[in-house]
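*Asks:* Numbering (the working numbering), first residue to last: 113 to 499.
Just so it is clear, CB atoms sit at the ideal spot from N, CA and C, and this is done for glycine as well.
Since we're looking at a predicted model, the values are computed, not measured.
I'd like to ask you about the structure that follows.
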Ligand code: FNR
């Protein structure tokens, strides 16, 4: 039977029998406000902000509010099974850490801290191409912890192949290809502060340490950082990608491939037709298309279209155990956590990420139990009503 994540509650209440207050709130919906107090304005808004008027950031939360859990009684949910396996990766609960770049802007320990916290709990971490730490250093920090790699797809095939080979060699198991950020959205929170972390050299660790990328430069990134930064940005933005070019990734990656940023059932079908293994129903946390639908509203249609052909994962707006439960009930195989762990990192580095994750898993475990489910496998649309 699964580890009792809900036990974190007892740990907090009972420590020394008088209890010990947690590092910071156990309520993830409060973390944004408290992160604003520990971060400078530029990095805070880079994390909290979204595209345009932030209508999609709000829509992501509103979509969760429209579904309600219907608790069932006397089901003997004393023992619960939360563990699952997604695309060959076993995990203690259907939760992964979403790829979030430039973690150095919120804490000096950056992705290493996240990797250690995730590995200690066995929660898979998805490393971003826009990380502030190299592929190899994060692998070392993560030790035996499960890890996946997220690709921002470079136009240069040699650079792309080189990055994929490094990730494979360093033990990243599944490739997550993000499709929704082929150019940066209009983001007033960042524009008003003229702040883009990449232009300060943050989030460049992977290309700057890549031999194929370095071979293209006349001067090394250490000698001429601005030219190297602009060269890289040019390489990961643009419209030259198409469905038929996914075969290139298949040739260079022998593990599972998941497309992230899918919102339309037809795109999910195309992913299946292209031989992909999974999709992440995601709108990048409302950071790309302002006015787009809440990601949870896109989930049932995608599950209906391809749920029997692909693993359907979900992100955008997941904050609480109830949110995870709702996404699973609507057919997601697992969910990705984004901003909340960045706020944990900002508050207290590795311990902060661990606290956020343990709080979320405890909340999920207890909500599953109290709503009468003994296992995540028992969740279905019948666990919910739409209000
Ligand atoms: C992201 N996200 C993201 N996605 C990705 O594929 N590669 C990346 O490098 C990043 N970077 C990134 C930075 C920051 C600061 C944020 C907040 C998000 C998107 C991320 O993986 C995920 O889709 C969203 O975070 C989900 O939304 P919520 O739940 O965090 O609101």
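#1: How would you call residue 113, buried or exposed, if buried means at least 16 neighbouring beta carbons within 10 angstroms?
#2: Can you tell me where the beta strand (DSSP E) holding residue 373 begins and where it ends?
#3: Confirm, please, whether the CB-CB distance from residue 387 to residue 419 is below 7 Å.
#4: Within 10 Å of its beta-carbon, does residue 182 have 16 or more other beta-carbons around it, so buried, or fewer, so exposed?
#5: With a cut-off of 8 Å, do at least 3 Cβ pairs link the stretch 269 to 287 to the stretch 209 to 217?
#6: Ligand 1 heavy atoms versus the CB of residue 400: any closer than 6 Å?
#7: Give me, in chain order, the residues of the same chain whose beta-carbon lies closer than 6 Å to that of residue 305; leave out the 5 immediate sequence neighbours on both sides.
#8: Closer than 6 Å: is that where the CB of residue 211 sits relative to any heavy atom of ligand 1?
#9: Buried or exposed: which applies to residue 454, given that a residue is buried once 16 or more other Cβ atoms fall within 10 Å of its Cβ?
#10: Taking only beta-carbon atoms, is residue 200 less than 7 Å away from chain B?
#11: With three or more beta-carbon pairs closer than 8 Å as the criterion, would you say the stretch 148 to 163 touches the stretch 461 to 480?
#12: Please report the residue range of the beta strand (DSSP E) in which residue 143 lies.
#13: In whole angstroms, give me the CA-to-CA distance for residue 127 and residue 435.
#14: In terms of residue numbering, what span does the beta strand (DSSP E) encompassing residue 392 cover?
#15: Assign residue 401 to one of three DSSP states: helix, strand, or coil.
#16: Is DSSP giving residue 253 helix, strand or coil here?
#17: Buried or exposed for residue 372, going by 16 or more other Cβ atoms inside 10 Å?
#18: Compute the Euclidean distance between the alpha carbons of residue 390 and residue 496, then round it to the nearest angstrom.
#19: What is the DSSP secondary structure of residue 220, reduced to helix, strand or coil?
#20: Rounded to whole angstroms, what is the Cα-Cα separation between residue 276 and residue 421?
#21: Taking DSSP's pairing of strands, which residues face residue 193 in a bridge?
#22: Judging by CA-CA distance, which residue of 370, 187, 365 is the nearest neighbour of residue 278?
#23: Tell me the residue span of the beta strand (DSSP E) that contains residue 180.
#24: Comparing C-alpha positions only, which one of 234, 210, 222 sits nearest to residue 262?
#25: Indicate the three-state DSSP secondary structure (helix, strand or coil) for residue 202 in the structure shown.
#26: Under the three-state reduction of DSSP, which class applies to residue 327: helix, strand or coil?
#27: Following the continuous alpha helix (DSSP H) through residue 479, name the residue where it begins and the one where it ends.
#28: Classify residue 349 as buried or exposed, calling it buried when 16 or more other Cβ atoms lie within 10 Å of its own Cβ.
*Replies:* On the basis of the coordinates in this document:
#1: For residue 113, the predicted structure reports a pLDDT of 43, less than 50, and the residue's modelled location is therefore unreliable. The matter cannot be settled from this model.
#2: 369 to 374
#3: no
#4: exposed
#5: Judged by Cβ distances under 8 Å, the stretch 269 to 287 makes no contact with the stretch 209 to 217, as fewer than three pairs qualify.
#6: no
#7: 154
#8: yes
#9: Residue burial annotation: residue 454 is buried, with at least 16 other C-beta atoms found within 10 angstroms of its C-beta.
#10: Among the protein chains of the structure shown there is no chain B, as only one such chain exists.
#11: Contact fails: fewer than three Cβ-Cβ distances are below 8 Å.
#12: First-last for residue 143: 143 to 150, but that is the alpha helix (DSSP H), not the beta strand (DSSP E).
#13: 28 Å
#14: 390 to 393
#15: coil
#16: Here residue 253 sits in helix by DSSP.
#17: buried
#18: Straight across, the Cα-Cα distance linking residue 390 with residue 496 is about 25 Å.
#19: coil
#20: 25 Å
#21: 487
#22: 365
#23: 179 to 181
#24: 210
#25: strand
#26: helix
#27: 451 to 482
#28: exposed
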